[in-house]
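What follows is one structure encoded as structure tokens, with my remarks underneath.
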Amino acid sequence: MSFQKLDELGHKLESLEHALSILGADEATHMASGGGEKRAEAMSNLAGMYHEQATAPEIADWIADAEKAELTEDGARALREFKRSYTNATCLPTEFVRRRTQATMLSEQLWRDLRAKNDWQGFRPALEGVVKLVREEAQLRADALKLAPYDALMDQYDPGNRVANVAPVFERLKTFLKGFLPEALAAQNRRLTERPLKPFAGPYTVEKQRDLGLAAMAAVGFDFDHGSLSVSHHPFCGGVPSDVRITTRYRTDEFLSSLMGVLHETGHALYEQGLPPEWAHWPLGKARGMGVHESQSLFVEMQLAHTREFWEFAMPLVHQHMGHDAMRGWEVDDVLNRVNHVERGYIRVDADEVTYPLHVILRFELEQDLVNGKLEVADLPEAWDAKMSEYLGLSTLDNPKDGPMQDVHWPGGAFGYFPSYTLGALMAAQQWAALEKAVPTVRDDIRQGNFAPLNDWRRENIWLQGSRWSTPELMERATGEALNADYFIAHLKKRYGA
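Using the working numbering, the final residue of the sequence shown is 653, and nothing's skipped along the way.
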């Protein structure tokens, strides 16, 4: 009976989630400029209704009663996930949530203004207030979940991941990358001496780029009966599994960035469209976490769409939708020189596949120290600069806007999120290796435009699993072993080495 009550509640919560997700996607793509105030009011009220229903005190009794009942294996897993979600939703007092919301909203507003002015001293007090609240939140979550403070924050984004497991993997990767980056740059210089970067022959119209993006989405398996492509200031994947909304942005001087953005978001969308529909109204039926989600987008963008086999398939597609002049004189190697270009840089979101993990590991290390009280905000610019200089050979000491003021995550209080980005890259490489063992013909399939075997493997091993397992358990079941940086390292050596 109690399990049935939770099931009925799940349907109600799913409806509210549906409304909030579609309204949020519409706000970024189609909402009229004057609609913001009423949209915010509507979404705020819906979010309040959701929180009130999802945290009702009687739910604890329903969970306790359901734990005594005889359930199927999936039923027991569904109950476990519901309990985990309920604990996370109720472990923060309302008074604290109000204080945190007010502080992070103010901090984000200041960040948008002061980052552009490179004004660290003006921004520092706001970030100090946020960090103080994050430390308080970490302890509240740690007490409720029986975890260490930073683990409790990280568990919101990747359930089951712990510093004890992630840190050694990141340390192995960091050690490799610090030595490999100069090698990759030298190898790239040799390749570019033999084959210089080909110039783009734009302008490329938005209409033709959109047609190409839609064709690429269809080719790799996007279901247009349950999703769509729009334009937004920042590309994203939103909506709900039955109506996934992905977006991109366009430049007319080149088209590869938009195409790669579309394929990245399509990776996210395929995961959402492939989740188990029978559990859609339970936490069990949701995506496992941010790391796994990122693994699916990077699987499509990096593991698939940056390969020679993909471009042997895709070049005719480009000619068909963009015209033969779009890449006149280009060969597959010219495309690969563009999409696999490596460069040291200050900005995480602009980083390539080789340098990006170093940006993330830097943040992972610093935010642990901030949460655990080993580092204070006042000392953050120097600590950031020291790691940036060591890992990437660049200094940010006199340029905080491209240092500790660079991302919105910390002003918004999102500590514990950064590891997910690189965990996703590691997972994607390990999944690709497992796929190649299971489907030895997969590269020939890709060359011929047959993406069904690739998607069938992911559907069975990742998508349909939903949140049945923790992140580490899901990886071990899918690939046969725990997360291992060696697969990503081997991938980088093969793609970027001499």
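We put the CB at the ideal spot given by N, CA and C, even for glycine.
Taking its Cβ as the centre, do 16 or more other Cβ atoms sit within 10 Å of residue i, making it buried, or is it exposed?
i, result
"R418", "It should be pointed out that residue 418 corresponds to Leu in this sequence rather than to Arg. With 16 or more other Cβ atoms within 10 Å, it is buried."
"F379", "exposed"
"D310", "buried"
"E163", "exposed"
"V504", "exposed"
"H166", "exposed"
"A653", "exposed"
"G191", "exposed"
"A424", "buried"
"R443", "buried"
"G571", "buried"
"E427", "buried"
"H436", "buried"
With residue i as the anchor, note down where its beta strand (DSSP E) starts and where it stops.
i, result
"S550", "Unbroken run through S550: none, as it is neither H nor E."
Would you list the one or two residues that DSSP bridges to residue i?
i, result
"R400", "S383 and G393"
Compare the C-alpha of residue i against each of the options and name the closest.
i, options, result
"V700", "L168, S575, S157 and F158", "With the chain represented from 156 up to 653, any question about residue 700 goes unanswered, as that position is not in the structure."
"G126", "M372, P390 and L453", "Residue 126 falls outside the range modelled here, since the chain spans only 156 to 653, and no answer is possible."
"E263", "E628, F278 and K272", "F278"
"P304", "I218, K329, Q523 and D507", "Q523"
"L411", "F335, L491 and N344", "L491"
"E420", "W434, L439 and S385", "S385"
"T256", "Q603, I601 and G568", "G568"
"Y546", "V395, E326, D611 and S622", "E326"
"G484", "G393, Q620, A356 and H185", "A356"
"D181", "V399, D366 and W275", "V399"
"E362", "R614, S413 and R650", "S413"
"L201", "L269, G429, L369 and L171", "L171"
"K301", "S176, T184 and R239", "R239"
"A370", "A187, L175 and P471", "P471"
"A174", "G189, Y205, N344 and M156", "Y205"
"L647", "H436, W587 and L521", "W587"
"Y359", "T249, V318, A481 and L234", "A481"
"T259", "R346, V289 and D268", "V289"
"R499", "T402, A183 and P337", "P337"
"T634", "A299, V594, E486 and R598", "V594"
"S550", "V563, D562 and P536", "P536"
"A299", "T242, R598, R346 and Q343", "T242"
Taking 7 Å as the cut-off, decide whether the C-beta atoms of residue i and residue j are in contact.
i, j, result
"V497", "A339", "yes"
"A640", "E631", "no"
"P512", "W539", "no"
"L525", "V286", "yes"
"F519", "F573", "yes"
"A307", "A293", "yes"
"D313", "G440", "no"
"L168", "A209", "yes"
"F158", "A197", "no"
"V532", "E283", "yes"
"E409", "M457", "no"
"G368", "F468", "no"
"E236", "S622", "yes"
"F454", "A583", "yes"
"G478", "S176", "no"
"P432", "L619", "no"
"S397", "G579", "no"
"R194", "G429", "no"
"K592", "N273", "no"
"D488", "R350", "yes"
"H474", "D366", "no"
"P390", "T407", "no"
"N610", "G376", "yes"
"V515", "T577", "yes"
"G315", "P627", "yes"
"L295", "A281", "no"
Alpha helix (DSSP H) containing residue i: first to last residue?
i, result
"N610", "A607 to N616"
"W217", "E213 to E222"
"N273", "Counting along the chain, N273 falls outside any alpha helix (DSSP H), and DSSP gives it neither H nor E."
"Q586", "P574 to A593"
"E466", "The question names Glu, but residue 466 is Trp in the sequence shown. Looking at the DSSP string, the run of the alpha helix (DSSP H) that includes W466 is R463 to M477."
"N316", "That residue, N316, is in no alpha helix (DSSP H); it is neither H nor E in DSSP."
"E236", "E228 to T245"
"G179", "S157 to T184"
"F519", "Y511 to N527"
"K363", "V361 to A374"
"V532", "Per DSSP, V532 belongs to no alpha helix (DSSP H) and is neither H nor E."
"Y642", "A640 to Y651"
"S188", "Segment: none, S188 is in no alpha helix (DSSP H) and carries neither H nor E."
"D600", "V597 to R602"
Is the closest heavy atom of the ligand FMN to the C-beta of residue i under 6 Å?
i, result
"Y241", "This structure lacks the ligand FMN, and indeed carries no ligand of any kind."
Are any of the Cβ atoms in chain B nearer than 7 Å to that of residue i?
i, result
"S412", "The question asks about chain B, but that chain is absent: this structure has only one protein chain."
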